[in-house]
Amino acid sequence: MSNYILYKRKNPKGIYIALGISKGYGKGIGNLVGLGYWEEIKEKYSLQNIDDLKPIAKLVPVGEDKIEVKTKFFQLLEPTSVETNVKNVGIELIYKVIKELDLFKGLPKTKHKSLEEVLEFIVATRIIQPRSYICQYKNKNDFLHDIDIKKSSIYNYFDTFLEYKNTILVNIYNKMQELTTRNTKLMHFDNTTAYFQSFSRDGLRQRGFSKDGKHDEDQIVVAMAVDNNGIPFHYKVFEGNTADSKTLVKFLVEMQRIYKTKDTIIVADKGISQNANLRYLEQKGYKYIVQKRIDILGKEDKAFIVNDQGFVQENDYFTKSRFVQSVWAKNKNKNKKRYSDTFRKQFVYFSPSKQTLDKIKRQNLINKLEKKSINGELPLSALVPEYKKKYMDVDGKTVGRLNIEKIKKVANEDGFYMIETNITNIDSKEANEIYKGQWKVEEGFRTLKSAIEVRPMYVYKDEHIQSHVFYAFYL
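Residue numbers (full-length UniProt numbering): 1 to 475.
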């Protein structure tokens, strides 16, 4: 049976909302039940975001009597109306986990109890449903464990959490070393993005390219590292327009300052493999294993990769390696590379299964581009930035056309990938196995963004954004 969905229509008076039943994909919405203007409902029920009403709409029983339907909807908006089957399930476990982790060890005693109460409240309510913190507060009576704080204090506690963030992070770090088989010498690093429902763009919140494939998204960037078990080491929040290549150095500086880490091997993907990052790692004594971007390499490097000579079979892939001298910088006057006295080891891999997958993914993208195009042309606004050059000829700033020759050149690299490391005594199998563990940080981000619901974000001040991500990170 169909459920009600929230219908929104903008007119000169504001946003009018109603309940409705979908008639099917592309066929519109029927059986509309008018609710009123969003601004009036927002003020009356102390709401923050219109999308908070979507899950409420699904709870309303579908009926013929529009008055009854409307009445039921507004009853569900009352603070004590939402019934839950998890009033105590999980809360006792949360108590136990907090005590086991010693999260608040070293914090002033006057802060301890209040911090613990607020943490339990926020975690429990977000497990039930990810909504704005004020909305969660309105439903605090759903829990047998009372929380004795004022609504206005919710965001004040954000500042308190942030004040003691490093202390809590160190407590978690030390406890993870005690409770798990953590290898502190190996760290998988990556970046992701988290978007906002609505805001005025400033501070951390900037326009950028979302990791979810959305173009020109209003977001923040979150850098994170996980251990060999996939358990997070540390995270750092950056402005939403920060490039992947610009996060690693600041992340490591902060991590070393907080945890005093030493002799760590950094594992990272193509977005971090710029030479400036590798120079920094070598200069500071870090070891690294990174995947290189083949598409930006020079002709000689690409020729080495695709040349059949030197490959040996290793399980279900083929591999070869070489040593290259570490490049520190380019001579500004002669534009020549300046080499250091250290060496890096490069492993080239060819996987037949990856070759097949690369072909399929590229063809799917081309099919999408052709579907959007008119007479072989399409607006650049419809493209992700990296594809403007990868498969296309660009006319001015507005129009692009598919370039078959570019597509053929990219196709020659199907199935290949390169790993570079400054661990010169490692072999191809070990380097590949270590890099394959990169899925752990990607899985950590999926947990952070989905299970813990770092998305969607309903907080807007920079310090509250930091606190919100902090909650999601350590839980």
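From the three backbone atoms N, C-alpha and C, an ideal C-beta is built for every residue, glycine too.
* Asked: DSSP puts D190 in a beta bridge; with which residues?
  -> Answer is M224.
* Asked: According to the Cβ coordinates, are Q438 and A268 closer than 9 Å?
  -> Cβ atoms of Q438 and A268: closer than 9 Å.
* Asked: Nearest-angstrom Cα distance between V237 and P352?
  -> Note on geometry: alpha-carbon atoms of V237 and P352 lie some 38 Å from one another.
* From F473, L6 and F323, residue whose alpha carbon lies closest to that of N49 -> For N49, the nearest C-alpha among the options comes from L6.
* Asked: Closest to A472 by CA distance: which of I122, E68 and L53 is it?
  -> Among I122, E68 and L53, the Cα nearest to that of A472 is on I122.
* **Option nearest G106 by Cα separation, candidates K58, Y164, A57 and D52** => The shortest C-alpha to C-alpha distance from G106 to any of K58, Y164, A57 and D52 is the one to Y164.
* Which whole-angstrom value describes the C-beta separation of I231 and R182, a residue pair presumed to lie in contact below a C-beta threshold of 8 Å? -> Right, the Cβ-Cβ distance comes to about 7 Å (below 8 Å), so this counts as a contact.
* To do: Might you give, ordered along the chain, the residues of its own chain that have their beta carbon closer than 8 Å to the beta carbon of N85, omitting 5 neighbours on each side?
  => Low confidence applies to N85: its pLDDT is 43, below 50, so where it sits in the model is not reliable, and the reading given next is rough at best. For N85, there are no CB contacts under 8 Å within the same chain when 5 residues up- and downstream are skipped.
* Asked: Any idea what DSSP makes of I50, helix, strand or coil?
  -> I50: helix per DSSP, three-state reduction.
* CB S340 to CB S321, shorter than 9 Å? -> S340 places its beta carbon 9 Å or farther from that of S321.
* With 16 other CB atoms within 10 Å as the buried threshold, where does S2 fall? -> Taking a 10 Å sphere around the C-beta of S2, we find fewer than 16 other C-beta atoms and assign the residue as exposed.
* So the beta strand (DSSP E) Q291 belongs to, where does it begin and stop? -> Q291: member of the beta strand (DSSP E) spanning K287 to K292, first to last residue.
* C-alpha distance - A451 paired with H468, whole-angstrom precision -> Any reading at A451 must be qualified, since the residue scores a pLDDT of 44, below 50, and its modelled position is unreliable; no value is offered.
* **Option in K409, Y391 and L186 with minimal Cα separation from N403** => Ranking the options by Cα distance to N403, first place goes to Y391.
* Quick one, are the C-beta atoms of E413 and I296 less than 9 Å apart? -> Contact flag unset, no.
* Can you give me the Cβ contacts of K359 inside the same chain, cut-off strictly under 8 Å, excluding the 5 residues immediately before and after it? => Excluding sequence neighbours, K359 sits near A411 and D414.
* To do: Can you say whether R338 is buried or exposed, counting buried as having 16 or more other CB atoms within 10 angstroms of its CB?
  => So R338 counts as exposed.
* Going by other Cβ atoms of all chains shown within 10 Å of its Cβ, with 16 needed for buried, is residue 532 buried or exposed? -> The structure shown does not extend to residue 532, since the chain spans only 1 to 475, so no value can be given for it.
* Asked: Roughly how far, in whole angstroms, is the beta-carbon of L101 from the beta-carbon of K150, given that I think they are within contact range, below 8 Å?
  -> Contact flag wrong, Cβ pair sits at about 28 Å.
* Applying the criterion that 16 or more other CB atoms from any shown protein chain within 10 Å of the CB defines a buried residue, is A194 buried or exposed? -> Buried, since its Cβ has 16 or more Cβ neighbours within 10 Å.
* Out of curiosity, what's the CA-to-CA distance linking I220 and A276? -> Looking at the two C-alpha atoms, the distance is approximately 23 Å.
* Burial state of K8 (16 or more Cβ within 10 Å) -> Exposed is the call here.
* Asked: With a Cβ-Cβ cutoff of 9 Å, do N156 and L186 count as a contact?
  -> Going by C-beta atoms, N156 is not nearer than 9 Å to L186.
* Going by the CB atoms, is the gap between V290 and residue 506 shorter than 9 Å? -> Only positions 1 to 475 of the chain appear in this structure, which leaves residue 506 out of reach.
* To do: Rank T247, Q466 and Y4 by C-alpha distance to the C-alpha of P61 and give the top, closest one.
  => For the options T247, Q466 and Y4, the alpha carbon positioned closest to that of P61 is the one of Y4.
* Asked: Can you name the start and end residues of the beta strand (DSSP E) that P232 belongs to?
  -> P232 to E239 is the span of the beta strand (DSSP E), which, as asked, contains P232.
* To do: Give me the Cα-Cα distance between L248 and D427, rounded to the nearest whole angstrom.
  => When rounded, the distance between both Cα atoms is 26 Å.
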